[in-house]
Amino acid sequence: MVSIRLEIPDFAVMEDDAIERHPAAMFLDGRWSGQTKALLKRFGTQSLHLNENWALTHQGWTCPACSRAKSAIVRKTPQNIILCQLDEHHDHLRDHVEKLLKVDREKVSHEQRARISAARLAVMDLSERFSRTIICCDCNQVDGAAKLQIGSAMHPDFSFSPLEIGSFIAPGPNRSHDFDVDKARLVWEGVRDDFHGRLAFARMMAERIAQGLHDRENHRLPSGLRQRRDPDIIYDIAVRAADSRSSALSLSQTLLARSRAADGKASSGRRSRERAIVVPTFADFEAVHRAKSHPGPWMRAGDEWTCPICARNKFEIVRASKKGTWTVGIQEFSIYAEEHDAENRRRRQRSHDGPFVISHEDSILICHDCRSILTEAKTIVPSAGDAALKPDDLRSLMGCPAPHRAHMLDQDAIRAAVDANRDWEAGVEEFRRHRSEARRYRARLVHAHLDYPNDKDIVFDLLFERWSAQLPEPDPDGLAQFRWLLAEGLRFREEGA
């Protein structure tokens, strides 16, 4: 047996220069990098807004649209904040095609959805004009600004590709772009026929797929033929050996949280001043409702829905966007319940010493403004996760909700709520690890029983042996613990978790 000593870095407390030297950060960037510190010194400020996309691209990255390096993309805002922001840019034609190919989950079985999924993905790939990519925030803003100026002459789901954006902008260092709208219009006119041809192809394929002409049977390979890669096996061994310390293995998220900075969001105590409320007409609401009439949270909520956080109904959550269009949405929000069964708590706390032990996850449907409180929290506090705020937190943070208006948020209060929920978040993180492990071993047992139906006892013994081999030390209660883990896997499966 080969024995390897692993030292897991703690990026949360590591010195900046140590992070930059670490192999895990070799192709990344962040507030810790020498380049970022040099830029702060060059612009004479210590305030920094550095987003996830900037952190996940290497320091020598250049924008595929304007060809500027990071040192030329960065600029100082009027609030004296260094803006280091890269945006994900994709072809909105793909979104349009995805709507054409939307499957009604109420009318189509799970098996049928699986049969047509490959065809749907293939059509979306063949329809889009360019792949999803990262560009600088200035190029992304030009895409929207040019489309806004060209107006109704352009299809609303058209997007300029990075190379096309580069053809009508006048980039300069450390400033936003100037652009030539006439050149942008010529680009659209030059690709219009191709764009509509792709739309026609997608419509034709949507009809064929709906008729079942591109169904594909899906069969599962026996587990023995699905060879696992060495890194996956080593990771499983390391997680098992870490036991209750396995949270230290969340390296990518810890490093990402250490890399980002949100001074641009956290610098002011509250949002900008309240805008005048615009009330939609009944016809406006009907148009919004028709646009939302596809399978999703809006339709699942029903006509009598009210937001369980702010108590507004569907009509009251419709509001005018900055662009003058109506914006509305209903989204899922995860809620978690504590474990009260004494035996389950005892077994879970063998590897988790936090005050909160979570039993199960559920979800509620809330309005987009209430859901945006969590989005704001994750921007203000980069280390915050999806469980950073509970429903009661949202209720206390939303201010005084009003129809047809976004909530007025106190960012200092949001930051305080996130900090107060650190132990809760740790409990949710441990629950997710437990659920993942329980479902994984339960699935392995079920699949192995299917592959070897006459050797179920042998299969169980082998799986228990594998699980036991990853324990940090022999466990006299190991067999009972493993049976309990499998029972948890079955529980999660029955709950649909």
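The working numbering numbers the first residue of the sequence shown as -16 and each following residue consecutively.
A virtual CB, placed ideally from N, CA and C, is assigned to each residue, including glycine.
Between residue 40 and residue 72, the CB-CB gap reaches or exceeds 7 Å. As DSSP reads the structure, residue 70 sits in a beta bridge with 118.
Rounded to the nearest whole angstrom, the CA to CA distance from residue 61 to residue 367 is 27 Å.
Looking at the DSSP output, residue 319 sits in a beta bridge with 344.
The beta carbon of residue 120 sits closer than 7 Å to those of 68, 69 and 70, all from its chain and outside the five residues before and after it, given in chain order. DSSP places residue 450 within a helical segment (H, G or I) once states are collapsed to three. In this chain, the beta strand (DSSP E) harbouring residue 32 covers 31 to 33. Of the candidates 54, 294 and 273, 54 places its Cα closest to the Cα of residue 20. Shown here, residue 99 sits in a helix according to DSSP, grouped into three states. Contact between residue 319 and residue 344 holds: their C-beta atoms lie close to 5 Å from each other, under 8 Å.
Here DSSP, grouped into helix, strand and coil, assigns residue 369 to coil. With distances taken between CA atoms, residue 349 lies nearest to 279 out of 22, 65 and 279. DSSP places residue 383 in the coil class of the three-state scheme, outside both helix and strand.
The DSSP-derived three-state label of residue 281 is helix.
Excluding residues up to 5 positions away in sequence, 330 lie with their Cβ nearer than 7 Å to the Cβ of residue 467 in the same chain.
Residue burial is scored here from C-beta neighbours: residue 262 has fewer than 16 other C-beta atoms within 10 angstroms and is therefore classed as exposed. Short of 6 Å from the beta carbon of residue 74, and not among the five residues preceding or following it, lie these beta carbons of its own chain, in chain order: 111, 112, 113 and 142.
Cβ atoms of residue 151 and residue 167 come within 8 Å of each other, at about 5 Å. Residues of the same chain with a CB within less than 8 Å of the CB of residue 370, apart from the 5 flanking positions on each side, are 317, 319, 404, 407, 408, 411 and 412 in chain order. The continuous alpha helix (DSSP H) containing residue 397 extends over residues 394 to 403.
Taking C-beta separations shorter than 8 Å and ignoring five residues to either side along the sequence, the partners of residue 384 in its chain run 293, 294, 295, 352 and 390, following chain order.
Close CB contacts of residue 341 within its chain, under the 8 Å cut and outside five residues either way in sequence, are with 319, 320, 321, 322, 410, 411, 413 and 414 (chain order). One alpha carbon belongs to residue 201, the other to residue 430, and they sit about 16 Å apart. The closest CA to that of residue 451, considering only 177, 16 and 465, is found on 465.
Taking the CA atoms as reference points, residue 186 sits about 26 Å from residue 312.
Scanning its chain for C-beta atoms nearer than 8 Å, with the 5 sequence neighbours on each side dropped, one finds around residue 63 the residues 28 and 30, in chain order. Rounded to whole angstroms, residue -5 and residue -13 show a C-alpha spacing of 24 Å. DSSP places residue 305 in the coil class of the three-state scheme, outside both helix and strand. Assignment of residue 59 by DSSP, reduced to helix, strand and coil, places it in the strand class.
Contact check for residue 421 against residue 475 passes: the beta carbons are separated by less than 7 Å. Of the other Cβ atoms in all chains shown, 16 or more fall within 10 Å of the Cβ of residue 84; this residue is therefore buried. DSSP lists 153 as the beta-bridge partner residues of residue 161. Taking C-beta separations shorter than 6 Å and ignoring five residues to either side along the sequence, the partners of residue 133 in its chain run 168, following chain order. In this structure, 238 is the residue among 376, 397 and 238 with its C-alpha nearest to the C-alpha of residue -2.
When DSSP states are grouped into helix, strand and coil, residue 409 belongs to the helix group. Annotated as proximal: residue 243 and residue 365, with beta-carbon spacing under 7 Å.
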